[in-house]
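Trainee:
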Amino acid sequence: ILNVEQSPQSLHVQEGDSTNFTCSFPSSNFYALHWYRWETAKSPEALFVMTLNGDEKKKGRISATLNTKEGYSYLYIKGSQPEDSATYLCAFREYGNKLVFGAGTILRVKS
Amino acid sequence: NAGVTQTPKFQVLKTGQSMTLQCAQDMNHEYMSWYRQDPGMGLRLIHYSVGAGITDQGEVPNGYNVSRSTTEDFPLRLLSAAPSQTSVYFCASKQKAQGDTQYFGPGTRLTVL
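These protein sequences, in sequence, are chains C and Z. As numbered in our numbering, residues 26 to 136 make up the first sequence, in order. As numbered in our numbering, residues 892 to 1004 make up the second sequence, in order.
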């Protein structure tokens, strides 16, 4: 059973704060690492797909880094806004196409 | 493109009943999968398929069957519904290529009494 862990489980920050979360995954048989943003009562929305060690991706105020050798990825949000409140999921894809999700980090941004 | 569609949106079943959750995609994606979402447990993979005629089990396959007779459709069958199968079910699809994004359907909320 693949173990994909995310920390922290939840996070409460003030508007304007910058924050980051961690996704840990097996360092062997790596194929891709996905990040999703998931708002309540909606479907998960893809943020990034990362495939190479050292990858850095950015979309607006959100960015992510990848370290496949040690098995972790960081998601950063700069200057958090209330609309950033959501659950952030990472998913590890091993060679062979199976995508396994972590339990997610719940972010609440207070204005 | 409609993307990934799921029907029904909501369903209530009695214990022991069977039903099929429908999933279709119009993006010609090879890879399709079913997840269930339960509080505090994120998304857990039930079954997946890498192409028509090919299916495989995920983390929590018991009590569910799938088939993939066409590229577009990937139905999930509950053989004999149990209260433990009360959950929100998401279907997803993607191309097989390494860097491709997976797209989710809107979900089906199932309650088993």
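Every residue gets a Cβ at the ideal spot worked out from N, C-alpha and C, and that includes glycine. If you're wondering where the values come from, they're calculated on a predicted model, not measured in any experiment.
1) Look at the Cβ atom of Ser924 of chain Z, then the Cβ atom of Ala983 of chain Z, and state whether they are nearer than 9 Å.
2) Please report the straight-line C-alpha distance between Gln1005 of chain Z and Thr898 of chain Z, rounded to a whole angstrom.
3) Report the residue ranges of all alpha helix (DSSP H) runs contained in full by the region 46-86 of chain C; include only those spanning at least 4 residues, in chain order.
4) Using a Cβ-Cβ distance under 9 Å, would Pro997 of chain Z count as near chain C?
5) Would you check if there are 3 or more beta carbon pairs closer than 8 Å linking the region 102-119 of chain C to the region 60-71 of chain C?
6) Can you tell me whether Ala893 of chain Z is buried or exposed, with buried defined as 16 or more other CB within 10 angstroms of its CB?
7) Mark Ile945 of chain Z as exposed unless 16 or more other C-beta atoms lie within 10 angstroms of its C-beta, in which case mark it buried.
8) Alpha carbon to alpha carbon, how far is Leu969 of chain Z from Leu904 of chain Z? Give it in angstroms, no decimals.
9) Does the beta-carbon distance from Leu19 of chain C to Pro51 of chain C come in below 9 Å?
10) Please list, in chain order, all residues of the same chain as Lys135 of chain C whose beta carbon is under 6 Å from its beta carbon, the five residues on each side excluded.
11) Just to make sure I have the definition right: I need the residues of chain Z whose C-beta is within less than 8 Å of the C-beta of Tyr56 of chain C. Which are they?
12) What's the gap between the Cα of Ala76 of chain C and the Cα of Thr911 of chain Z?
13) Are at least three pairs of beta-carbons, each pair with one atom in the region 97-113 of chain C and one in the region 957-966 of chain Z, less than 8 Å apart?
14) In the DSSP output, what is Leu36 of chain C paired with across the bridge?
15) Between the C-alpha atoms of Leu91 of chain C and Glu108 of chain C, what's the straight-line distance to the nearest angstrom?
16) May I ask you to report which of helix, strand or coil DSSP gives Tyr108 of chain C?
17) Is DSSP giving Gln986 of chain Z helix, strand or coil here?
18) Starting from the Cα of Leu974 of chain Z, find the closest Cα among Z:Leu1001, Z:Asn919 and Z:Tyr926 and give me that residue.
19) Looking at C-alpha atoms only, which residue of Z:Asn953, Z:Lys900 and Z:Met932 is the closest neighbour of Glu30 of chain C?
20) Show which residues of chain Z have a CB atom less than 9 Å away from the CB atom of His59 of chain C.
21) Grab me the residues of Glu963 of chain Z's own chain with a C-beta within less than 7 Å of its C-beta, minus the 5 sequence neighbours each way, in chain order.
22) Report the residue ranges of all beta strand (DSSP E) runs contained in full by the region 900-951 of chain Z; include only those spanning at least 3 residues, in chain order.
23) Please return the same chain residues whose Cβ sits closer than 8 Å to the Cβ of Glu70 of chain C, not counting the five positions on each side in sequence.
Mentor: So, to answer that:
1) For this step, residue 924 of chain Z is matched to residue 33 along the second sequence. For this step, residue 983 of chain Z is matched to residue 92 along the second sequence. Closer than 9 Å, so yes.
2) Nothing can be reported for residue 1005 of chain Z: it is not among the residues displayed for chain Z, which extend from 892 to 1004.
3) none
4) One-based indexing of the second sequence puts residue 997 of chain Z at position 106. Yes, contact with chain C.
5) yes
6) The residue labelled residue 893 of chain Z in the question sits at position 2 within the second sequence. Result: exposed.
7) Here residue 945 of chain Z refers to the residue found at position 54 when the second sequence is read from its first residue. With fewer than 16 Cβ atoms within 10 Å of its Cβ, Ile945 of chain Z is classed as exposed.
8) Here the question's residue 904 of chain Z lines up with position 13 in the second sequence. Here the question's residue 969 of chain Z lines up with position 78 in the second sequence. Their Cα atoms are separated by approximately 10 Å.
9) Beyond the ends of chain C as shown, which are 26 and 136, falls residue 19 of chain C; an answer cannot be given.
10) Walking along the first sequence from the start, residue 135 of chain C turns up at place 110. Excluding sequence neighbours, Lys135 of chain C sits near Gln39.
11) By 1-based counting over the first sequence, the position of residue 56 of chain C is 31. Gln989, listed in chain order.
12) Residue mapping note: residue 76 of chain C aligns to position 51 of the first sequence, counting from 1. Residue mapping note: residue 911 of chain Z aligns to position 20 of the second sequence, counting from 1. For clarity, residue 76 of chain C is Thr in the given sequence; the question names Ala instead. Each residue's Cα considered, the two are about 35 Å apart.
13) no
14) Taking the first sequence and counting its residues from 1, one reaches residue 36 of chain C at position 11. DSSP output for Leu36 of chain C lists C:Leu132 as bridge partner(s).
15) By one-based count along the first sequence, residue 91 of chain C stands at place 66. By one-based count along the first sequence, residue 108 of chain C stands at place 83. Each residue's Cα considered, the two are about 25 Å apart.
16) Counting from 1 along the first sequence, the entry for residue 108 of chain C is found at position 83. The residue you asked about is not Tyr; residue 108 of chain C is Glu in the sequence shown. Helix.
17) Here the question's residue 986 of chain Z lines up with position 95 in the second sequence. Note: Gln986 of chain Z maps to coil in three-state DSSP.
18) Taking the second sequence and counting its residues from 1, one reaches residue 974 of chain Z at position 83. Strictly speaking, residue 974 of chain Z in this sequence is Pro, with Leu absent from that position. The candidate whose alpha carbon is nearest that of Pro974 of chain Z is Z:Leu1001.
19) Counting from one through the first sequence, the residue named residue 30 of chain C turns up at place 5. The option with the nearest alpha carbon to Glu30 of chain C is Z:Met932.
20) By one-based count along the first sequence, residue 59 of chain C stands at place 34. By Cβ distance, chain Z contributes Thr992 and Gln993.
21) The residue given as residue 963 of chain Z occupies position 72 in the second sequence. Hits under 7 Å: Ala915, Gln916 and Asp917.
22) 901-904, 910-916, 922-928, 934-942 and 945-948
23) In the first sequence, the residue the question calls residue 70 of chain C occupies position 45. Excluding residues within five positions, the ones whose Cβ falls inside 8 Å are Tyr61, Arg62, Trp63 and Glu64.
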